[in-house]
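FYI, the numbering for the sequence shown is 451 to 723, going by our numbering.
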Amino acid sequence: MYFLRKLKPDRNVAKFIPPLVIWTLFIITLIFFGLNAAIRVIGFGMVVISIFSIIGFLRTSNFGHLVSALYMVSISIFVITLPVEYLNSGGKLPPYSQLNAFISIFLLVWIVILLFTRKIKWRGREVFELAAFNIEDVSDGYTSRPHPSGKIDGTKTQILQFAEFLKKNLVILTYIEQSRVIMSPIIQGKEHGFLYQPNFDYLSKSWISFDFEGNVAVNISREDYLNYQENLSFDQLCEGMGKVFIDFFEMYKKGEGIRVIDKLNSLKIGIFS
């Protein structure tokens, strides 16, 4: 699918912060304490990242997060247990290190496959592009209010299963309230607050709600609205977002959830955006 991008280019650098911090600590440790200690710093840094990957898996049930966590655990064990004499002389690795290296390489290849097939990519950018796909009106600007955006015909169970499906595929994160489910589209690189921040104020972010009577409402945050290149009609943008999720729900209800993923993939947005 060819389309004119409505969002500004991705300039989010948050995804580079963890490796930058680890390598900075590596260099500092290398200078003051030597190679052995610096290598261990990388190992312990990967342990920390693996903890966040496990939290991501528990929060999303996305299998790719689990594979990432296993890789980080495996490579951190390899680095931390790497014999000092091997670091000093470059000798042959002991059998347990060889096995650990093989497991780490296998998991790394798996992660690369998941990455290029977009199985571990947050799909919020695609959602926001689809919401604005047919909007040309730039007559008004942002309004701080939720917008009623239609109605669906579905049971509470169907709605919850649909939300779970989108969550597992990293389209949204869900917040289940007494009478509705809130679905927040997550743009790649902006997931950290949603995943890791305690008492996160999700209602201040962009969201789509399906209440258990079938009513659909949309809220688009100022931050996400200003990420568009033009001041698009806010009402039309909310309606577009609601229609995207209503269409997704109808596909899912018919047993065609794969079509939702195909629709997102058809935009061909970069794997790191």
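We put the beta carbon where it would ideally sit given N, CA and C, even for glycine.
For N550, the three-state secondary structure derived from DSSP is helix. With contacts defined by Cβ atoms closer than 8 Å, N681 and V588 form a contacting pair. At the C-beta level, V577 and V694 come within 8 Å of one another.
Under the three-state reduction of DSSP, N715 is assigned to helix.
The segment 563-625 is shown to contain whole alpha helix (DSSP H) runs of 4 or more residues at 574-581, 606-618, in chain order. The beta-carbon distance between F476 and A488, rounded to whole angstroms, is 5 Å. This is short enough to meet the 8 Å contact definition. DSSP places D661 inside the beta strand (DSSP E), whose first and last residues are 657-661.
Taking the Cα positions, M691 is about 33 Å away from I499. A straight-line Cα-Cα distance of about 14 Å links Y675 and D460. Under the DSSP assignment, V498 falls in the alpha helix (DSSP H) whose first and last residues are 485-510. In its chain, beyond the 5 residues on either side, G643, F644 have a beta carbon closer than 7 Å to the beta carbon of F650.
Contact check between the segment 631-639 and the segment 656-671: three or more CB pairs, one atom from each, fall below 8 Å, which counts as touching. In the structure shown, the three-state DSSP call for L457 is strand. Cβ neighbours of G574 within its own chain (closer than 6 Å, five residues either side excluded): P635, I636, I637.
Closest option to G495, judged by alpha-carbon separation, among P468, L520, I478: P468.
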